[in-house]
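Report on one structure; see the data block that follows.
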């Protein structure tokens, strides 16, 4: 140990296996290894002859990341790139159990090896520390910029972190974009990532594409060996989102931080740290879906009362607007004539409340209740909406009174069209109004260009805005769901009132664009949802809105049963039943599943899954013995022998199965379904058939 | 009238004299004249053969502005520059009296001719309307962008308004700068305006100079004929500040709007209008100081209760910090050692409260009470200060309790160092704290670069921030005084809780830079103060802080009596006694004037004044018969026979005169003064002698 040159070396809480592996390389000189508890994953850190920090990741004795760079370029200062020496290495092992407020499991276990390496840049005396955690199924590391007193400020011109993979992996990717992630996914080898060569089903309101070879994270890949990797980040706070530049020749992936309008990446101070850079590793694709590293790398929330927000389902005026039969915009004054009937009228709201109360929905949302929609998108102007003034045909006090009588919670809608600073200015009054009216939560939206001008949806300033909103709404006891916000990085652990966000291509694209291909929902759990829950707004019954081409265009690209199954396969503590009430009323059979399915779970089993092909998931309802199964496929029909061995042995269950009819097909017969009921137990196997673009939803109610 | 081609011509409320002058030119074809009520000022509007809008201004039959341009360049749209036709002209006359909540006069009379001209750009069908008011002492006009329904958004790339003057006027100017106006003034002919050729006494924290030939407004000029002009703006709302580009050869002045980080000028929507472009006109310099056009062009505040804020004087911990004997930064934890003693400790505050109570001051302010100062300027980071956490040696509840017992109001200090979005986010909690502690008002500061990055102190976004703050503080019943904010444009009429701002080179520069030249305070009323009150923070007793050069550097560049006189010559409803308590205690004689002088007035008489030379002002205390006189000079000694004919005839007054001693001199004997008292009446003449850099203050208390 003492032969290791110029290191003040400490090992804290060094466990046996750690020591045995950790000390060996130290007898060489300039590198250090950290192993996962089961030794499957190895993280290697070293200094080159020039004092550059390099890391490698191995799993199952294969190299996954080879000599990745670490460091930063600073604005107006020498780069934090080379000339480093070791100051110290602390290692420890972590094994702790914790319970999320809500989630896919009741309890989670964080088990990993942890290391903090202190580096000093000799020439400048500057410190750069690295914190690293190695799990059995992946790695996370982050940088610290230690302060020795004053919080001196500095500006990041670039983060140098790279992820040099060791093969031409197949990657599920969406193009780099500073302002949106509402793309469908492409699947190509890394060497063939070329945004301009793909056909994108767009319809996106505002885009800021980066380059043809930049992609967003989570970036999920399959190695030629059949391993699965996903690169993402955890705990994105006071920092821009990370995208990845791909070097198609060298197969290098390099961090590409979303800049501000001046081209700078992040404004930090000594004492700050970066988010975690995360590599998820799985031998089988389905294991990625229960990888909880990103949650583990986030912090618990402060000790506060969280009893006031409850996961649940909501209804709203929404699909009608996307179909174009109703409008967000209301009348300027009473009796004003409109091109389309206004959606969020008092009458519509009362009907929604009645329906919610009758069918066990917790919440009701009305989009388009407030003034501003009548002026179009407002360009790039600073103020676009009032968040306190309702249209004259929206009687807020009456709606509130009615909802209260019926025991239904109300959600407020705050679309900003990107005018964020004005939204923040109106926020105290807006929340005062919500409090006065007894609202429970708020759904935000950020369609369009951001004000402050030059800022992007995924840049540091907006990242801080979303968190400010999560904190400010929590203070006032409102839950939050955000659309067009930055994609999640596990922060729902720390901010549990921030139930979910959109931050991906949602169901609404089916209503007014080329839509989402049938494979879309099978890819989302492997990419976007690795970071956190999504408000996909499923539950659209694909009733024909026209015929011929128009039929295919203006409705979801799934069978009815697949819409049901999405409530299980796409996790969110807050799920919308996005469809029209008339469609639910005229199809009480399949609607029963939406009524029954919960949104909070004790345990989750991924039976089998393959991105782009299928996802089969079973979950047990929180505090209950009941199970729910969701199975979805892409454009291909599939058969699957569903073994019920996840059920409690010896217990009987009433299984109600919502299955595609034999002739169902997402394009031609999306509404063809068959509902059957039988008693089953853990020894049974159900033979499931999924139609092209189809799905199957099953409720399994435990008998007492 | 009917011979005027292609005009739908209406004249509303047309008064006799208007009609007689207005109709004559219409018989010609493409121009229209509007005269001031006394016919002294004439405003001419015309269309060129290409349909360009041009205006001219005449006074006393001399041309002041000759063929000024009007119009705009739009981003991505055809310019609003030519091809206009007249749609209609409405004229009316205005004669109304109104009362400001506080001010230099109890009642004001707005008397002018008003005109609204509707233009249409034939090729595009776009409307551009011009609203114009012609007063006996100047002109104001603004543009409207009429909406016919939806508020379509557009972006101004440039405002084309120009002010082509007709001679090489002598101009008092400071250089164009997007982020500061804390310059001393230069006096040159317009043809010689060249920022790089002047020697500027700087010390300014952060500057964004524009060009060598750009200057800021108010720009005050003397014509070769001896007329006085000043160009400024009124009611700057949702628009960037206007600076002026000077064409040194053609003597053209063109609007130069402060851009955002992307180079755009303003983001507007149909239905919006610009601020007023204002030309003040005076035959004698002193008349400029009672020109109230800028106030007249602002709106009355909404009908709200304004009884909760009261003009007054305040004390603070301030000069000590600027002298460098105490620090804003406090200890991180109790017992932490500091390089300088902390200024705003509980002990200092209690002493200030005692002193304020004993001497009739309304308010006490402590700068440096809150955490953040210990980290330096914070660079360009997003969060720099906490506005709710006090240093451990500042016991806020105890201070508040003590102030309440003594009947003294407290003012909170909110320095942002430019981190404005974070300040807005903290504002609700900060104001909650102020309310809980019983504070009366807040002093803000904006030293440094603005966040949102790319925005400037004087751009549209920040202009809206200042107004947001004025409104939000009013809602919570706090008054506001802002430093480093955009220079005022009469908005204190509409937002009377926004007492004053700095927005010019204040007294503090004397403590740590080459300071302010003795002429500085004689120029401010003719320039910066035309827009509104200034928090200059006078009352520094020029006690030597060292000797030799250091003596001249680290103290105000005036005699003691001039510091007293500034309370009258530099108007503000909120005046600080900026000096150290020890200095006041050791000089009770001159301090008596600061104790006595009020900050709210019934009437104001400018006895004589010349920018750069001297200002002699008398004001009558609001609701009282008492008068106060302030007389200041530049570096030259002056004599002046002060005729007291502004006093009420036949009434006796006790005049207490605070005069420079015969050997007083701002550089060598600044503290030499003589206080005399005598009984006077309106027939008396006092022979006043002002020392170099000196002044004279007089209180005249009416006998019952």
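Chains as they are written, first to last, in the numbering used here: chain A, 799 to 1502; chain B, 799 to 1502.
Don't be surprised by glycine CBs; every beta carbon is placed ideally from N, CA and C.
All values reported here derive from a predicted model rather than from experimental measurement.
**Asked** Taking only runs of the alpha helix (DSSP H) that begin and end inside the region 1419-1467 of chain A, which ones reach a length of at least 4 residues, in chain order?
**Response** none
**Request:** State buried or exposed for residue 1105 of chain B, treating a residue as buried only when at least 16 other CB atoms are found within 10 Å of its CB.
**Result:** exposed
**Buried or exposed (CB count within 10 angstroms, at least 16 for buried), residue 1310 of chain A** = exposed
**Item:** Cβ neighbours of residue 1300 of chain B in the same chain (closer than 6 Å, five flanking residues each side left out)
**Value:** 1281, 1333
**Asked** Once you ignore the five residues that flank residue 1492 of chain B on each side, which residues in its own chain have a CB closer than 8 Å to its CB?
**Response** 1356, 1357, 1359, 1360, 1430, 1431, 1435, 1458, 1462, 1463, 1464
**Asked** To which residues of the same chain is residue 761 of chain A closer than 7 Å at the C-beta, ignoring the five residues directly before and after it?
**Response** Shown here, chain A extends from 799 to 1502; a query on residue 761 of chain A therefore has no answer.
**Prompt:** Around the C-beta of residue 860 of chain A, are 16 or more other C-beta atoms found within 10 angstroms, so that it is buried, or is it exposed?
**Reply:** exposed
**Beta-carbon spacing of residue 1031 of chain B, residue 1287 of chain B below 8 Å** = yes
**Asked** Considering only residues of the region 958-997 of chain B, which uninterrupted beta strand (DSSP E) runs meet the minimum length of 3 residues and lie entirely inside it, listed in chain order?
**Response** 968-971, 984-987
**Asked** Do you know offhand how far residue 823 of chain A's Cα is from residue 896 of chain A's?
**Response** Caution is warranted here: a pLDDT of 43 is assigned to residue 823 of chain A, below 50, making its placement in the model unreliable, and no coordinate value can be reported.
**Minimum C-alpha distance to residue 1267 of chain A - residue among B/1452, B/1097, B/878, B/1222** = B/1222
**Asked** Cβ-heavy atom distance between residue 894 of chain B and the ligand ADP below 7 Å?
**Response** Summarising the ligand content, the structure contains no ligands, and the ligand ADP is consequently not present.
**Request:** For the region 926-959 of chain B, enumerate the residues whose C-beta is nearer than 8 Å to any C-beta of chain A, in chain order.
**Result:** 948, 949, 950, 951, 952, 953
**Message:** Which residues of the region 1223-1243 of chain B have a Cβ closer than 7 Å to any Cβ of chain A? Give them in chain order.
**Reply:** 1223, 1226
**Prompt:** Would you say residue 1117 of chain A reaches chain B, if we count a Cβ-Cβ gap shorter than 8 Å as a contact?
**Reply:** no
**Request:** Take residue 902 of chain A and list the residues in its own chain whose beta-carbon comes closer than 6 Å to its own, dropping the five residues that flank it on each side.
**Result:** 1369, 1399, 1402
**Asked** Comparing alpha-carbon positions, which option in B/936, B/1236, B/1249, B/1297 lies nearest residue 1265 of chain B?
**Response** B/1297
**Message:** Using the three-state DSSP reduction, which class does residue 1563 of chain A fall into: helix, strand or coil?
**Reply:** For residue 1563 of chain A there is no data in the structure shown, the boundaries of chain A being 799 and 1502.
**Simplified DSSP assignment, three categories, for residue 929 of chain B** = strand
**Asked** Between which two residues does the alpha helix (DSSP H) harbouring residue 1258 of chain B extend?
**Response** 1258-1273
**Message:** Quick check: the Cα distance between residue 1442 of chain A and residue 1427 of chain A, rounded to an integer number of angstroms?
**Reply:** 10 Å
**Request:** Report the neighbours of residue 1251 of chain A on chain B: residues whose CB is nearer than 9 Å to its CB, in chain order.
**Result:** 1058, 1059, 1060, 1062, 1065, 1250, 1252, 1253, 1259
**Item:** Selection of the region 1262-1294 of chain A by Cβ proximity to chain B, strictly under 7 Å
**Value:** 1262, 1266
**Message:** With DSSP as the reference, identify every bridge partner of residue 1392 of chain A, one or two as the case may be.
**Reply:** In DSSP, residue 1392 of chain A forms no bridge with anything.
**Message:** Excluding the 5 residues flanking residue 1062 of chain A on each side, which residues of the same chain have their C-beta closer than 8 Å to its C-beta?
**Reply:** 873, 953, 954, 955
**Prompt:** Of all the beta strand (DSSP E) runs that stay within the bounds of the region 1047-1073 of chain B, which reach a length of 3 or more residues?
**Reply:** 1050-1055, 1064-1067
**Prompt:** If you measure from the beta carbon of residue 1345 of chain A to each beta carbon in chain B, is any gap under 8 Å?
**Reply:** For residue 1345 of chain A, the predicted structure reports a pLDDT of 49, less than 50, and the residue's modelled location is therefore unreliable. The matter cannot be settled from this model.
**Item:** Reduced DSSP category for residue 859 of chain A - H, G, I as helix; E, B as strand; rest coil
**Value:** coil
**Message:** By the DSSP assignment, the alpha helix (DSSP H) with residue 1380 of chain A in it spans what residues?
**Reply:** 1379-1384
**Request:** Identify the continuous alpha helix (DSSP H) that holds residue 1094 of chain B and give its terminal residues.
**Result:** 1091-1094
**Message:** What are the residues in the region 1159-1177 of chain A lying within 8 Å of chain B by C-beta distance?
**Reply:** 1172, 1173, 1174, 1175, 1176, 1177
**Prompt:** Can you name the residues of chain A whose CB is closer than 8 Å to the CB of residue 1213 of chain B?
**Reply:** In chain order: nothing, as chain A lies at least about 16 Å away.
**Message:** I want to verify the contact list: residues of chain B whose CB lies under 9 Å from the CB of residue 1135 of chain A, in sequence order.
**Reply:** Neighbours of residue 1135 of chain A on chain B: none; closest Cβ ~12 Å, over 9 Å.
**Prompt:** At a Cβ cut of 9 Å, what residues of the region 1177-1189 of chain A count as close to chain B, listed as they run along the chain?
**Reply:** 1177, 1178, 1179, 1180, 1181, 1182
**Request:** Please confirm if the region 1020-1035 of chain B is in contact with the region 925-932 of chain B, defined as three or more CB-CB distances below 8 Å between the two stretches.
**Result:** no
**Request:** State the CB to CB distance for the pair residue 830 of chain A and residue 887 of chain A, rounded to an integer number of angstroms; the pair is presumed to be in contact (CB under 8 Å).
**Result:** 6 Å
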